[in-house]
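Notes for the one structure printed next.
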Amino acid sequence: RITPPACTACGAPVRPGVVWFGESLPAQAWRDATSAVQQCDLLFSIGTSSLVYPAAELPRLAIAAGATVVQVNPAATPLDALAHHNLHGAAAEMMPKVLAAARFCEDPS
């Protein structure tokens, strides 16, 4: 576990906007996330091992609700067998290509 840096003003730990391993997700954040994935048409799972629960459950909930799931990750994960599309590569490399193909931005090449 990484110890957060201390605040220069008060000395208290600076709390980043993340959930550390071993901590529970805030209940409302989890409800919001599950609601969103159960209503989405398309879900991108980007740069995650798909091993850490409960967050690893989100793509599965989206699939169960009928969404298309695209995984972007340099290495294979347990989600490979379930995702509709697997893009194996770094997010910084793959996402500009995805956005260009979808015409959301200019082609990066």
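Heads up, the sequence shown is in our numbering, so the first residue is 296 and it goes up one at a time.
Glycine included, every Cβ here is placed at the ideal spot set by N, Cα and C.
Flag this pair as yes or no: are the beta carbons of T295 and S345 separated by less than 7 Å? Given that the chain is displayed from residue 296 to residue 404, the structure contains no residue 295 and the question cannot be resolved.
Check whether the Cβ atoms of E364 and A357 lie closer than 7 Å to each other. Note that residue 364 is Val in the sequence shown, not Glu. Result yes, Cβ atoms of V364 and A357 sit closer than 7 Å.
Given a cut-off of 7 Å on the beta-carbon distance, is the pair C335 and A359 in contact? no
Throw me the rounded Cβ distance for the I341 and A370 pair, which I believe falls under 8 Å. Not quite, the Cβ-Cβ distance comes to about 13 Å (not below 8 Å), so this is no contact.
Burial state of P311, where buried means 16 or more other Cβ atoms lie within 10 Å: exposed
Proximity below 7 Å, CB of P299 to CB of V309: For P299 and V309, yes; Cβs fall inside 7 Å.
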